[in-house]
Amino acid sequence: MKYNELNVTKSTSKKRVGRGISAGGGKTAGRGTKGQRSRTGKKLGPTFNGGSHEHNLSGLPKLRGFKSKRVPAQVVYSDELDNVKGAKIDNFTLFNAGLIATPYHTVKIIARGDTTSKATIEIAAMSASVQKQLEKNGGKFVKTAVPLQKSTKVKEDKPEK
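Residue numbers (this note's numbering): 420 to 580.
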């Protein structure tokens, strides 16, 4: 065992202030003398600005608009469909082909180049131009819901009474 591999825990405990003069942190207990910060009970927030009614926030610009919390759809381009093998293409097929990051989010196929795919595609969304091209090739688009991820929690069998 080497010195730097030792697992040593901290042996000194937290300093207890305000326990008398001889304890080393008595009387003012490290808060200085007088003033708002030396008193108990009053917490000064991060926007406190010296007691005036104007807080620091009034100097900051207001945030305009909003930020959407919706997860954007994963995009697959129409020319990439030719590389996917199979008569039926869904989220799991696209995931196994490496075209999307996860099969449990919305997928949308958008146009880029031409596709010769004749598969039945079962995903959440597809652009109208790709849908026309697919039907012209003899394929079919079926709008389906995004598959839900199964729980990884282990079900415990309850003992019978």
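From the three backbone atoms N, C-alpha and C, an ideal C-beta is built for every residue, glycine too.
Among residues of its own chain, excluding the 5 on either side of residue i, which ones have a beta-carbon nearer than 8 Å to its beta-carbon?
| i | result |
| --- | --- |
| L463 | Q455 and R456 |
| Q550 | F560 |
| T512 | V503 and G505 |
| P465 | N475 |
| D501 | T534, T535 and S536 |
| G484 | none |
| R438 | G444 and G445 |
| G558 | S536, K537, A538, T539 and I540 |
| G597 | Absent from the structure is residue 597, since the part of the chain shown begins at 420 and ends at 580. |
Compute the Euclidean distance between the alpha carbons of residue i and residue j, then round it to the nearest angstrom.
| i | j | result |
| --- | --- | --- |
| S546 | T539 | 15 Å |
| V495 | F467 | 50 Å |
| Q568 | T534 | 30 Å |
| A516 | S536 | 15 Å |
| G532 | K488 | 31 Å |
| N423 | K429 | 15 Å |
| G470 | K486 | 33 Å |
| M420 | S477 | 58 Å |
| N556 | E575 | 50 Å |
Go through its chain and collect everything with a Cβ distance to residue i's Cβ below 7 Å, but skip five positions before and after it.
| i | result |
| --- | --- |
| V436 | G444, A448 and G449 |
| H524 | V490, Q493 and V565 |
| E499 | L518 |
| K383 | In the structure displayed, the chain extends from 420 to 580; residue 383 sits before or after that span and is not available. |
Whose CA, out of the options, lies closest to the CA of residue i?
| i | options | result |
| --- | --- | --- |
| A543 | L476, K446, V526 and K569 | V526 |
| K562 | I528, S570, K574 and V573 | I528 |
Excluding five sequence neighbours on each side, which residues of the same chain lie with their C-beta closer than 6 Å to the C-beta of residue i?
| i | result |
| --- | --- |
| K507 | T539 |
| F514 | P522 |
| S548 | A530 |
Measure the beta-carbon distance from residue i to residue j and round it to whole angstroms, keeping in mind my assumption that it falls under 8 Å.
| i | j | result |
| --- | --- | --- |
| S497 | A520 | Rounded, the Cβ-Cβ distance is 19 Å, inconsistent with contact. |
| I440 | K433 | At roughly 19 Å, the Cβ-Cβ gap does not stay under 8 Å, so I440 and K433 are not in contact. |
| D509 | E541 | 5 Å |
Length at least 3, wholly inside the segment 498 to 562: the beta strand (DSSP E) runs in chain order: Entirely contained in the segment 498 to 562, the beta strand (DSSP E) runs reaching 3 residues are, in chain order, 507 to 509, 526 to 529, 539 to 542 and 559 to 562.
Ranges of the alpha helix (DSSP H) found wholly within the segment 437 to 472, counting only runs of at least 4: You should have found no qualifying run.
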